[in-house]
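If you read the sequence shown in the numbering used here, its first letter stands for residue 0, the second for the next number, and so on.
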Amino acid sequence: MNSNTVGAIFSVGKCFLLSPKSPSEKKPSLLKHIFAFILIILYTIAALAHLLYNLPDYRSLSLMQMTFLVMTDVALYCSAIYFPLMTNKITLGWYHLIRNLSQVCGTGANRSYSFAGFFTVSYFVTVSLYVILGRKEGVSFFYYFPYRILAANSMNFGMVTGVTVLQMLHQCYHVQKNIVQRRILTKVKSEEIYSLLEPFERGLFTLSDAVSHFNDIFGWNILFSHIIGVCRTLIYIDELVRTQTNFQFSLETGAILGSLLIFWNLDDILDVLLKIKFNLMKMGKLQEAFLDEIEQIRPTFSAARFYSISRPTIFSLSNPATTFLIVLLQFHIN
0 MNSNTVGAIF SVGKCFLLSP KSPSEKKPSL LKHIFAFILI ILYTIAALAH
50 LLYNLPDYRS LSLMQMTFLV MTDVALYCSA IYFPLMTNKI TLGWYHLIRN
100 LSQVCGTGAN RSYSFAGFFT VSYFVTVSLY VILGRKEGVS FFYYFPYRIL
150 AANSMNFGMV TGVTVLQMLH QCYHVQKNIV QRRILTKVKS EEIYSLLEPF
200 ERGLFTLSDA VSHFNDIFGW NILFSHIIGV CRTLIYIDEL VRTQTNFQFS
250 LETGAILGSL LIFWNLDDIL DVLLKIKFNL MKMGKLQEAF LDEIEQIRPT
300 FSAARFYSIS RPTIFSLSNP ATTFLIVLLQ FHIN
């Protein structure tokens, strides 16, 4: 685990209560709770003002587009207030997550992650796109866009940080795989293997607990990004079918790209675990019970505990939404 990357995450996140101040913080202070309450109120007022300002535009849309656009705004608002609203849970979750990762991988800076670069680029792209959009639509930037920039910033932080933490988890599972290949498999016929299996199994249990805390911290943000991605995709498809307009990149489209990065990293982690299990299968029937235990502590990533995330999840999310859109279009044509 890279301590410099963890420090960068907390340095950025603490400004808007997106993360604790430090990895050692277990309980937020009273001042932090007050700041979270004020932040939620400001987000709520800004969201209502944004909704009222866009109400005439919403009424000019079709019922389906208006529904999906409102769902997008609601998901964006929920993503913005989730971290301040769940301050206690997020702070404690970060404490246990960092502790679990450091127990398995240590706290050295033996591998570099590009969290600061990714977050800076995503934030710069966010502001730039809103400036371009504001000029195109002739809308005052400071009147309309600050709320959406802050809300999108919360989602960007969640997605970029989630990908960074998944890279750390991948490194930890890779360390466990190396232990199997370089130490355990070379001691299969030795009594020493039992003394090696115990800390190895303890490490996998620790990583499984880290995955659980990852789900608590980032699961809701992943769920909201899925909702935004699906709704925006359906709106674009509907516009292409109805008006034959060209595709336009929006900030919410970044939620789709972030979800794909999440899926990619999750799949890499599960692939490493499969390699660990495959290597352990070479040990023979003597370790069948141990293999069963490894299968039971297989990491399960979820979106707010509602559904598990894996490679087929992309199609599971898109198929019902696409079917719903096709049915609505058929009704419209008839």
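Just so it is clear, CB atoms sit at the ideal spot from N, CA and C, and this is done for glycine as well. All figures in this text were calculated on a predicted structure; none of them were measured in a lab.
- Collapsing the DSSP output to three states places S10 in a helix.
- The three-state reading of DSSP puts S301 in strand, counting E and B together.
- Cβ contact annotation for L260 (same chain, cutoff 6 Å, sequence separation greater than five): V162, in chain order.
- The beta carbons of I178 and F199 sit closer together than 9 Å.
- Here A48 is exposed. Its C-beta has fewer than 16 other C-beta atoms within 10 Å.
- DSSP, read as helix, strand or coil, puts K276 in helix.
- Taking the Cβ atoms as the reference, F156 lies roughly 5 Å from L17, within the contact range of under 8 Å.
- G202 is a Cβ neighbour of V103, given a cutoff of 9 Å.
- In the three-state scheme derived from DSSP, where H, G and I count as helix and E and B as strand, M70 is classed as helix.
- In the displayed model, P198 falls within a helix according to three-state DSSP.
- Under the three-pair Cβ rule at 8 Å, the segment 258 to 276 counts as touching the segment 158 to 174.
- For the options I275, V159, S2 and A209, the alpha carbon positioned closest to that of G257 is the one of V159.
- Close CB contacts of A35 within its chain, under the 6 Å cut and outside five residues either way in sequence, are with L16, P83 and T86 (chain order).
- F213 has its alpha-carbon roughly 21 Å from the corresponding atom of C14.
- With respect to the C-alpha of I234, the residue from S78, A79, L206 and F67 having the closest C-alpha is F67.
- Counting of Cβ neighbours within 10 angstroms places N3 among the exposed residues, the total staying below 16.
- Per DSSP, V103 is one residue of the alpha helix (DSSP H) stretching across T86 to C104.
- Looking from the CA of S21, the closest CA among L239, I8 and S194 belongs to I8.
- Scanning its chain for C-beta atoms nearer than 6 Å, with the 5 sequence neighbours on each side dropped, one finds around A150 the residues L75 and A79, in chain order.
- Sequence-distant Cβ neighbours of F223 in its own chain, meaning closer than 6 Å and more than five residues away, are A74, C77 and S78.
- Contact between V174 and I97 is absent: CB atoms are separated by about 16 Å, not below the 8 Å threshold.
- When the beta-carbon positions are compared, L91 and K31 stay at least 9 Å from each other.
- Taking 8 Å as the upper bound for CB-CB distance, I268 and Y172 are in contact here, some 6 Å apart.
- Between L206 and N99, the gap from beta carbon to beta carbon is short of 9 Å.
- In this structure, the beta-carbon distance from K88 to D215 falls below 9 Å.
- In the displayed model, S211 falls within a helix according to three-state DSSP.
- Under the three-state reduction of DSSP, E238 is assigned to helix.
- Counting along the chain, the unbroken alpha helix (DSSP H) around L29 starts and ends at L29 to R58.
- Here the alpha carbons of K276 and M65 stand approximately 48 Å from one another.
- One alpha carbon belongs to M280, the other to A45, and they sit about 57 Å apart.
- Non-local beta-carbon contacts of H95 in its own chain, meaning distances under 8 Å to residues more than five positions away in sequence, involve D208, A209 and H212 in chain order.
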